[in-house]
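Asks: Quick note: the sequence shown uses our numbering, first residue 1, plus one each step.
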Amino acid sequence: MSQNLFLKGYSRTDIELLSLLQQDALLSTVELARLTGLSANSVRKKRKEFKADGVIASEVAILNPEQVVGFIYFQVDLKLAGGRPDIRGAESAFDVDNPMILQCFHTTGPWDYRLLIVARGVSEFEKFSEKLFLNNVEIDRFESNLILRPVKFSFALPLQ
């Protein structure tokens, strides 16, 4: 959503409710009502509104990367050939929907895109990068870095 939540008419209680849901989307309606001072019925209505407005995109389980063994993470910066990523975009240059690509950001600076990629080992990442980047005429150059360990792993926006 491109608009500021406050411009869209959300109250401080709405922001508080959204913050709580970002911390734990499995909190019960009763618990959320207790924490926000709303009635349980109001909490149910607000959650429906947030979903209908697209503020809540999805409710998912975020796995702890330190508990799920066998995966390694890579940061990949890449530059598209031709220097026009704003027109062509990542979707036409490489398979952005590949499940190994966890995140993809269009960036400023010397690189056009920054990706977070997960693999089940260096050899899997090597095959992946060879197929998607090295042998791809749409990619001018790329640089990858092995992520040693996640220091902070969050998707929560600082609403308050």
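Cβ atoms here follow ideal geometry from the backbone N, Cα and C, with glycine treated the same way.
Remember, it's a predicted structure, so these values are computed and weren't measured experimentally.
Please name the residue or residues paired with Ser144 in a DSSP beta bridge.
Replies: On the sequence shown, position 144 is the one that residue 144 refers to. Partner(s): Val76.
Asks: Between which two residues does the beta strand (DSSP E) carrying Leu134 extend?
Replies: Taking the first residue of the sequence shown as position 1, residue 134 is located at position 134. It is not in any beta strand (DSSP E) - Leu134 carries neither H nor E in the DSSP assignment.
Asks: What are the partner residues of Tyr113, as DSSP defines its beta bridges?
Replies: Position 113 of the sequence shown, counting from 1, holds the residue named residue 113. Tyr113 pairs with Leu78 and His106.
Asks: Bridge partners of Ile15, per DSSP?
Replies: Translated into the one-based positions of the sequence shown, residue 15 becomes position 15. None, per the DSSP bridge assignment.
Asks: Give the range of the alpha helix (DSSP H) segment to which Glu49 is assigned.
Replies: Locating residue 49 in the sequence shown gives position 49, counting from the first residue. Its alpha helix (DSSP H) spans residues Ala40 to Asp53.
Asks: How is Val122 classed by DSSP in three states: helix, strand or coil?
Replies: Taking the first residue of the sequence shown as position 1, residue 122 is located at position 122. It is helical.
Asks: What is the rounded straight-line gap between the Cα of Glu91 and the Cα of Gln22?
Replies: On the sequence shown, position 91 is the one that residue 91 refers to. On the sequence shown, position 22 is the one that residue 22 refers to. Roughly 28 Å between the two C-alpha positions.
Asks: Let me check understanding here. Comparing Cα to Cα, which of Asp97, Leu102 and Leu80 lies closest to Leu134?
Replies: Walking along the sequence shown from the start, residue 134 turns up at place 134. The residue with the shortest Cα to Cα distance from Leu134 is Leu80.
Asks: In the DSSP assignment, what are the bridge partners of Ile101?
Replies: For the purposes of this step, residue 101 is identified with residue 101 of the sequence shown, where counting begins at 1. DSSP output for Ile101 lists Ile117 as bridge partner(s).
Asks: Residues in its own chain within less than 7 Å of Arg120 by CB, not counting five upstream and five downstream?
Replies: As a first step, residue 120 is located in the sequence shown; it is residue number 120 there, counting from the start. Cβ neighbours of Arg120 beyond the five flanking positions: Gly70 and Phe71.
Asks: So the alpha helix (DSSP H) Val30 belongs to, where does it begin and stop?
Replies: Walking along the sequence shown from the start, residue 30 turns up at place 30. Where Val30 is concerned, the enclosing alpha helix (DSSP H) stretches over Thr29 to Thr36.
Asks: Kindly indicate which three-state DSSP category Ser2 falls into: helix, strand or coil?
Replies: As a working note, residue 2 is residue 2 in the sequence shown. Residue confidence is low: Ser2 scores 42 on pLDDT, short of 50, so the model does not pin down where it sits. No coordinate-derived value is stated.
Asks: Helix, strand or coil, according to DSSP, for Glu66 in the structure here?
Replies: Residue 66 sits at position 66 when you count from the first residue of the sequence shown. Note: Glu66 maps to coil in three-state DSSP.
Asks: Taking Cβ positions, are Thr13 and Thr29 nearer each other than 8 Å?
Replies: Within the sequence shown, the letter at position 13 stands for residue 13. Within the sequence shown, the letter at position 29 stands for residue 29. Their beta carbons are not under 8 Å apart, which means Thr13 does not touch Thr29 by this criterion.
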